[in-house]
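Colleague: This is the structure I have questions about; it appears just below.
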Amino acid sequence: MSSQNHGVELCLKFNFCPPATLSISNPSASPLKLIATIHQTPSVFPDRPVTILTKYSCLDTTPREDAFRKGDMHSPELAFSSTRQVDGSAKVLNLRPTKRITFHRISGDPDLAKRPENPDTPGFTFITIPPVGKGSVQVAWELSAERLMSSLGDDSTSLQKKLEHFLRVGDTYHVWLGDLSIRWWSFGSLEDPEGLKGKKISRFSFSDDLGLDREKGADESEEVVSKMQDLIDLHNVNKLSSRSAVEGEEKPDIKKMREEGWVFGEPPGLLKMIAQDEDKVATFKIVE
6 MSSQNHGVEL CLKFNFCPPA TLSISNPSAS PLKLIATIHQ TPSVFPDRPV
56 TILTKYSCLD TTPREDAFRK GDMHSPELAF SSTRQVDGSA KVLNLRPTKR
106 ITFHRISGDP DLAKRPENPD TPGFTFITIP PVGKGSVQVA WELSAERLMS
156 SLGDDSTSLQ KKLEHFLRVG DTYHVWLGDL SIRWWSFGSL EDPEGLKGKK
206 ISRFSFSDDL GLDREKGADE SEEVVSKMQD LIDLHNVNKL SSRSAVEGEE
256 KPDIKKMREE GWVFGEPPGL LKMIAQDEDK VATFKIVE
């Protein structure tokens, strides 16, 4: 996306922390950690930090519902084999559920910053990406040998037996990006009182045709409100019902809610995440 489009662009790079190896004989020696590094690229808003919701994206690290389980990140797949490759080694280390699981959207407090209400329910995580040239931010996944082997063999087979049976020394596995979309984002930092710190985060976002370079108050009209999107609980602002996150909820009153400390999402289509080909794939190697 070019600056002429008045959009914001984030650049991603994926890699495993060194030594990026999985040991068959001692899998706990150096647990695999996958790192995603995100920074802003030049745009017409170079001095503004950006905060994004990582849930429902390839950056989701939520326990039990992370990006691998939902398919926004691809499971490790055999990249190429050593000369010792023999039939029987695992082509894919599947991190998605082996049984079909439907992931439901979570309704709850209309302020996304306060979700979840139940500590046992996977919550919402936001990260702030610094302005252009001011640094980057990282998110991480720990991929234990137990998890990597969880879809292979049967429950009665020990972890060590699985490692010895399904992996071959010298083989390399890679993981790569899936869906690069982001459900919710806004300008401002989570640590800045002038940004999002202490604010209430509405799940509603402005439509893509509104644009980002707009006059103050230009986004408070009834026409603008009628086009707002809810990509979190998947509700249509014009068809709020008993299934809404709050019973009896009304259409957002932008001006009033802002006075009460609410922040709305910017147009989802005006933030793009990209990755160069060499940065879309991260690899690790199987060692003795």
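My numbering numbers the first residue of the sequence shown as 6 and each following residue consecutively. All residues carry an ideal CB built from backbone N, CA and C; glycine is no exception. Since the model is a prediction, treat every value here as computed from it, not as a measurement.
Alpha carbon to alpha carbon, how far is I259 from S327? Give it in angstroms, no decimals.
Modeller: Outside the displayed range of the chain (6 to 293) lies residue 327, so it cannot be described from this structure.
Colleague: Span of the alpha helix (DSSP H) holding S231?
Modeller: As a first step, residue 231 must be located in the sequence shown, where it is residue number 226. Residues E227 to S231.
Colleague: Which stretch, first to last residue, makes up the beta strand (DSSP E) that contains R208?
Modeller: If you number the sequence shown from 1, residue 208 lands on position 203. It spans K205 to S210 - the beta strand (DSSP E) in which R208 sits, taken as one unbroken run.
Colleague: If you draw a straight line from the C-alpha of W190 to the C-alpha of W181, how long is it?
Modeller: As a position in the sequence shown, residue 190 is number 185, starting the count at 1. As a position in the sequence shown, residue 181 is number 176, starting the count at 1. Cα-Cα distance, rounded: 23 Å.
Colleague: Can you confirm whether the stretch 19-37 touches the stretch 64-76 when touching is taken to mean that 3 or more C-beta pairs between the two stretches lie within less than 8 Å?
Modeller: With a cut-off of 8 Å, the stretch 19-37 and the stretch 64-76 do not count as touching, because too few Cβ pairs lie within range.
Colleague: Could you check what DSSP says for H79 in three-state terms: helix, strand or coil?
Modeller: Taking the first residue of the sequence shown as 1, we reach residue 79 at position 74. Three-state result, H79: coil.
Colleague: Could you give the DSSP three-state label for G158: helix, strand or coil?
Modeller: Here residue 158 corresponds to residue number 153 of the sequence shown, with the count starting at 1. Coil, per DSSP.
Colleague: How would you call E169, buried or exposed, if buried means at least 16 neighbouring beta carbons within 10 angstroms?
Modeller: As a working mapping, residue 169 is identified with position 164 in the sequence shown. Burial call: exposed.
Colleague: Give the range of the beta strand (DSSP E) segment to which E169 is assigned.
Modeller: Translated into the one-based positions of the sequence shown, residue 169 becomes position 164. Careful: E169 lies outside any beta strand (DSSP E), inside the alpha helix (DSSP H) at L164 to F171.
Colleague: With DSSP run on the structure shown, which of helix, strand or coil describes A41?
Modeller: Position 36 of the sequence shown, counting from 1, holds the residue named residue 41. Correct three-state label for A41: strand.
Colleague: Can you list, in chain order, the residues of its chain whose CB lies under 8 Å from that of D52, leaving out five sequence neighbours each side?
Modeller: Within the sequence shown, the letter at position 47 stands for residue 52. So the list reads P136 and V137, once near-sequence residues are dropped.
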